[in-house]
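My numbering applies: residue 56 is where the sequence shown begins, and numbers increase by one.
Presented below is the structure to which this report refers.
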Amino acid sequence: MSSERICPSCSAEKVQRVGDIIRTATSNKVINDIPKAYYPPRAPWAYLQGFLLGIPANAAVMLSMGPPQGSESQMAVAELASSLAFIGVWVGYGRLKTKNYGKKLDDWKETVASKFLCHKCSHAFEG
Numbered sequence: 056m057s058s059e060r061i062c063p064s065c066s067a068e069k070v071q072r073v074g075d076i077i078r079t080a081t082s083n084k085v086i087n088d089i090p091k092a093y094y095p096p097r098a099p100w101a102y103l104q105g106f107l108l109g110i111p112a113n114a115a116v117m118l119s120m121g122p123p124q125g126s127e128s129q130m131a132v133a134e135l136a137s138s139l140a141f142i143g144v145w146v147g148y149g150r151l152k153t154k155n156y157g158k159k160l161d162d163w164k165e166t167v168a169s170k171f172l173c174h175k176c177s178h179a180f181e182g
């Protein structure tokens with residue numbers, strides 16, 4: 056199929072689908088030759104980031120709810136609330152960022168499937 060395609064920029068016949076280039080790449084040099092716009096999106100570190108964001112949330116809730124000389128029951132409520140805040144931030148942020156990554160990955164797959172790359176002039180075009 057790639058032999059039927061002709062580059063609109065330089066009229067060369069050395070044209071290949073970007074998705075095929077990525078799938079059949081045997082080395083990093085081949086992948087480095089394609090434009091950066093066609094690189095796959097980076098996987099998020101969302102749950103690690105959520106964990107790190109949850110630590111200040113935990114501390115803030117603990118400090119605001121628990122008086123320094125509070126009773127044991129007040130401290131228990133403060134610990135429970137701070138733990139819930141921590142888990143909520145951790146899981147919520149992780150899920151939100153992972154969902155966005157899934158959308159970006161689907162968009163990237165559609166883009167890579169529809170684009171062609173000329174090996175002579177490195178021009179990418181829709182086919």
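Just so you know, even glycine gets a beta-carbon here, dropped at the ideal spot from N, CA and C.
As the structure is a prediction and not an experimental result, all values here were calculated from the model.
*Indicate whether G240 and W163 have their beta-carbon atoms separated by less than 7 Å.*
Because residue 240 is not part of the residues shown, which for the chain are 56 to 182, the question remains open.
*asked:* Under DSSP, the alpha helix (DSSP H) around K175 begins and ends at which residues?
replied: Residue 175 sits at position 120 when you count from the first residue of the sequence shown. Run containing K175: none; DSSP gives neither H nor E here.
*asked:* Relative to the C-alpha of D88, which candidate in Y102, A98 and V73 has its C-alpha closest?
replied: As a position in the sequence shown, residue 88 is number 33, starting the count at 1. Of the candidates Y102, A98 and V73, V73 places its Cα closest to the Cα of D88.
*How many whole angstroms separate the CB atoms of A136 and M120, which I take to be in contact at a CB cut-off of 8 Å?*
If you number the sequence shown from 1, residue 136 lands on position 81. If you number the sequence shown from 1, residue 120 lands on position 65. Cβ atoms of A136 and M120 come within 8 Å of each other, at about 6 Å.
*Can you tell me which of R150, C173 and T166 puts its alpha carbon nearest to the alpha carbon of P99?*
Stepping through the sequence shown from its first residue, residue 99 is reached at position 44. Among R150, C173 and T166, the Cα nearest to that of P99 is on R150.
*Beta-carbon spacing of L108, Y148 below 7 Å*: Indexing the sequence shown from 1 puts residue 108 at position 53. Indexing the sequence shown from 1 puts residue 148 at position 93. Contact: yes.
*asked:* Please report the distance separating the alpha-carbon of A168 from that of Y102.
replied: Within the sequence shown, the letter at position 113 stands for residue 168. Within the sequence shown, the letter at position 47 stands for residue 102. Straight through space, the alpha carbons of Y102 and A168 are spaced by roughly 30 Å.
_Can you tell me whether A92 is buried or exposed? The criterion is at least 16 other CB atoms within 10 Å of its CB, across all chains shown._
The residue given as residue 92 occupies position 37 in the sequence shown. With fewer than 16 Cβ atoms within 10 Å of its Cβ, A92 is classed as exposed.
*asked:* Quick check on R13: does DSSP put it in helix, strand or coil?
replied: Beyond the ends of the chain as shown, which are 56 and 182, falls residue 13; an answer cannot be given.
*Within the same chain, show all residues whose beta-carbon is closer than 8 Å to that of S58, passing over the 5 residues directly before and after it, in chain order.*
Along the sequence shown, read from residue 1 onward, the residue named residue 58 stands at position 3. Confidence at S58 is low in this model, with a pLDDT of 46, below 50, so its placement is unreliable and the value that follows should be read with caution. The answer, listed in chain order, is E68.
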